[in-house]
Amino acid sequence: MKLRQALRSSVAAITIASVAAPTGLSAQTSEAAPRGGGAQVRVAQAKDFSRIELAGRAVARRDGQVLTLQLARGANPDISRLRVSPPRWLKSAEMRPGVLVLTLADNADARVGTADGATYVNLFEKPPAPATPQVAQAEPAAAPTPPRPNPVPAGGVVRMATKIGAGQVQLSFPWANPAGAAVFRRGGAVWVVFDAPATLDVSAAPRGLRQMSGAVAYRGNDYTAVRIDTPPNTPFFAASQGATWTVILGPGAQVEQAAQIRVVRDEAGGPAGLKAAVSGATKVVRVADPMVGDTLSVVTALGPAKGLPSRREFVQMALLPSAQGMAAESYIDDLAMRQDGDLVQIGRPSGLTLSPASASVARAEATLGAPQPASLPGLIDYQNWPKTGSGGFLSRYNALLAAANEEAATGRDAPVAARMALARFLVGSELSFEAIGVLNDTARRNPSVMEDPEFRGLRGVARVMARRYKEAQADFSAPILQDDPSIALWRSYIAAQLAQWPEARSQFGAGAEAFNRFSPTWKARFARSDAQAALALGDVNGADARIKLALMDKTDPLEELATRLVQAQVVEALGHKDRALRIYAAVAGAPSEGLAAPATLRATKIRLETGKITPVQAANVFAGLRYRWRGDATELETIRALGHLYLSQGRYREALEALRGAGSRLPDLPEALQLQADLGAAFRTLFLDGAADGLEPVQALAMFYDFRELTPLGADGDMMVRRLVRRLVDVDLLDQAAELLKYQAENRLDGVPRAQVSTDLALIYLMDRRPEQALQAINASRTTVLPSALNAERRVVEARALMGLGRYDHGLELLERDNGRDAQDLRGEISWKQKNWTAAAATFEKSLGDRWKQPGPLSAEEEAKLLRAGVAYSLAGDDASLARMQQRYSGFYDQARNPEALRVALTGVQSGPLSVSDFGRATADNEAFAGWVAKMKVRFRERPAPLGPPTPAKAPAAPPAAKQAAATTAARG
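For the sequence shown, this note's numbering begins at 90 and goes up steadily by one.
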């Protein structure tokens, strides 16, 4: 008790508890330990034998009448009882370091075994030696039984033959000589076991049939077996003819009628057991079942066939249904099956637990002491429900199960008392999944039980234990439980687990009158969950009061540490971070990862906030913790903290991958919703607030494609796409920019915003020299209601696309009434391409306007227009206009980018080195096109994004061509 008091005395003592108290430590355990500090010794005396039992496992060695037991390391049992008053058939006992030496009486024998984690020694009187008949002296000794011919064929391979017909599958196994066999069913498989170690060739086994789906052969040291997968309700038979065994699967005629093996109680003296007469029994083999992971005891026998028609259940074992031979499934470690001629004996050193001969007495014992209902539907009677009695858990479980099966077999309207008793035992033993299975089966067979408040309460409790909170809510919401205070506490607990904080607080108050009727463990859990709800709602004082309530009763150390963990959160909310850190650090040393992981997480957060560790160190702790503990809210909180830390360090891709990877896990937890919100916020920060602007455009594009499902609907998503397109256009990734805008126009927008985005898409196509696609983008987004400015812009874009396709007249026709600057420039370009020099020159000069009156160097676009105007006037032979241009712009030569080209274009005089190719390059279409592209890039940077109501968006994958190009460019970069 001192350890438990110390655990409550201060926060620092938690560390002592976490180190000194192993899982499950309790006051009762320490009191039960012997004063010697080792294995406990128990002694019992019966009429026919004495029993000595040692806690733990020991290795036995027998030398005559001296039995030596090698004990576990450090064991030092108190054997004073054996020395002072040794039981019958024990002469003396001596304790040596790590060894217990027992000297048996001269007429005594002993059996050693293990059960329930303990080693026992049964002492009994040696049986008298059988008297030798007088006739034996006169008659010669009986001749030994001749050995059976070896059944293994030459080469050691037995090839299975298959025959299908009349709704049956026949599998034949031809041996060289008659072989012992056993054919039995276990679950969804029929086993065929032979008593000879040969190689079975089952390659001819059919697959996918109604009667069987496959077969697998196994070979042991002294047996050969084949496991055949069949539906559980498929009949099976066995027959022998000479040295060939045939197994038949499916309903129909039998080759021969199998005799029935009769299993009865062994009435001979000694421990209780069973016996069966199996004609032609050859041996007992131990066959490993790889699907279940245990070992079966199998009795093989020669033909003709004989078997057990149905499964026989016993407390410690079960005999499986067989068409030939016998097979036993053991629930204990020391089951023994022996064959002596045709007699098979089944038992164990201490005897089997067998029911009395009378069936009525068996039924009475099956229901005797059955767990009874609690006083309220939501209570768990931990004092009575999990009791097992002297036979141990397995004996109690099998007895209750047998009673439940017998009850269920009586029909649909049978009573449910035995099945409810079994469910109470399982819930009291905290075997929640098993209890759910029993209760679900009961409801399926007896639907009326759904109106029973105890049934709904018991199943709801089991579901809470299994963390199936929403299923438990369905049970606890039944009208028959609406006003029950014990159920209200369970509703409060579930609401806290699902972050339904107001509901949790309300239901806790409704169940306050039943609070003290629960066990200390559940009282602590209920109060702790209400403390979490109060903390989440900002009621720190209320949370502190609930923590004190949770600590009032004595619970096991781990349960108390869980309460201390919530207490640390309350202390942290009060602003005492140093004190909270000490509690977290102490709980982090608990021997339970379910407590250590969240404590480590919160301690690391505090250390990071207070500057005691660097972000890199914190990231390393979080990264290790996300794999150290998985499957609950702590995992999601860890990943959330790691994602935020990665974002603060500029590790954007790692942050998004971490957050997205956990977003779909555990969707029912409230932390999953918070994590999804964090993921969306991180994506907005990157592509809307500009955090990704520091990345290379191709890296930003690749990241956007990899996480594009996070793009929000509406204006924010459109703005993200717009920002990314601007960056792609700046670095001439026009194809990728076009794919983004095309998806946006086709899937996300409608009306005016779609027309504007389609206009931008057409501009990008023109910049990429794809006029046909530009024209398609304009045509696909036509609508009758558009602003005048947007209509004018679309006309210019369409005319430029027509120019690119060589349809000059159509382009000029579109621009006929448009006097805007862009339209005027485009008319000049079309005239230039048509070699209408007079019109082109006049258009270029008009576009320059009064620029000659303004000081300062010409821009690249202005210089190109002046150059083209001079060349056009020269080609048109208009010397007067050329002289006028020379007079106005001669002062701009020296500051021009290509002064010699301007001089030659306006005067025809060359004063410096200028080749014909240089002049041609300066006046070519490429220069004008490059200038237009540069102007469009500036427009993309300065134009606001189109905003409008989104259309219902599809969610197709990223455009393959754009995504592949982005990945290729990223790889090259």
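Just so it is clear, CB atoms sit at the ideal spot from N, CA and C, and this is done for glycine as well.
- Scanning its chain for C-beta atoms nearer than 6 Å, with the 5 sequence neighbours on each side dropped, one finds around residue 860 the residues 890, 893 and 894, in chain order.
- Sequence-distant Cβ neighbours of residue 399 in its own chain, meaning closer than 7 Å and more than five residues away, are 410.
- Using a 10 angstroms sphere on the CB of residue 464, the tally of other CB atoms stays under 16, which defines it as exposed.
- The C-alpha of residue 842 lies about 35 Å from the C-alpha of residue 923.
- Short of 8 Å from the beta carbon of residue 951, and not among the five residues preceding or following it, lie these beta carbons of its own chain, in chain order: 937 and 940.
- Put simply, the stretch 495 to 513 does not touch the stretch 554 to 566. Fewer than three CB pairs are less than 8 Å apart.
- Taking C-beta atoms under 8 Å as the contact rule, residue 212 and residue 188 fail to qualify, at a distance of about 18 Å.
- Within the stretch 277 to 350, the beta strand (DSSP E) runs of at least 3 residues that lie entirely inside it are, in chain order, 278 to 283, 288 to 290, 303 to 308, 313 to 318, 325 to 330 and 333 to 338.
- Straight-line spacing of the CA atoms in residue 389 and residue 273 works out to 11 Å.
- When DSSP states are grouped into helix, strand and coil, residue 904 belongs to the coil group.
- In the DSSP assignment, residue 421 falls outside any beta strand (DSSP E), carrying neither H nor E.
- For residue 582, the uninterrupted alpha helix (DSSP H) run begins and ends at 574 to 586, by DSSP.
- In the structure shown, the three-state DSSP call for residue 637 is helix.
- When DSSP states are grouped into helix, strand and coil, residue 435 belongs to the strand group.
- Your pair residue 443 and residue 354 checks out as a contact, with CB atoms roughly 6 Å apart and the cut at 8 Å.
- With a 10 Å radius around the Cβ and a threshold of 16 neighbouring Cβ atoms, residue 362 comes out buried.
- Note on geometry: alpha-carbon atoms of residue 458 and residue 466 lie some 20 Å from one another.
- In this structure, the CA atom of residue 527 is about 18 Å from the CA atom of residue 276.
- Residues 264, 266 and 267 of the same chain have their beta carbon placed closer than 6 Å to that of residue 332, with the five preceding and five following residues left out of the count.
- Shown here, residue 156 sits in a strand according to DSSP, grouped into three states.
- Separation of residue 408 and residue 193 (C-alpha to C-alpha, rounded to the nearest whole angstrom) is 36 Å.
- In the DSSP assignment, residue 141 forms a beta bridge with 132 and 210.
- Note on geometry: alpha-carbon atoms of residue 215 and residue 480 lie some 27 Å from one another.
- With respect to the 9 Å criterion, residue 301 and residue 290 are not classified as neighbours on the basis of their beta carbons.
- Secondary structure note for residue 202: its beta strand (DSSP E) is the uninterrupted segment 197 to 204.
- Fewer than three pairs of CB atoms, one per stretch, sit closer than 8 Å, so the stretch 142 to 151 makes no contact with the stretch 362 to 373.
- Note that the stretch 471 to 486 does not touch the stretch 497 to 505; fewer than 3 beta-carbon pairs, one per stretch, sit closer than 8 Å.
- Beta-bridge annotation (DSSP): residue 253 is paired with 258.
- It is roughly 27 Å from the alpha-carbon of residue 917 to the alpha-carbon of residue 871.
- For residue 556, no alpha helix (DSSP H) segment is defined, and its DSSP state is neither H nor E.
- In this structure, residue 338 sits away from residue 294, with a CB-CB distance that is not shorter than 9 Å.
- Secondary structure at residue 263: strand, using DSSP grouped into helix, strand and coil.
- Of the other Cβ atoms in all chains shown, fewer than 16 fall within 10 Å of the Cβ of residue 292; this residue is therefore exposed.
- Here residue 181 is bridged, per DSSP, to 192.
- Judged by beta-carbon spacing, residue 305 lies within the 9 Å limit of residue 316, meaning their Cβ atoms are closer than that value.
- For the pair residue 269 and residue 324, the Cα-to-Cα distance works out to about 22 Å.
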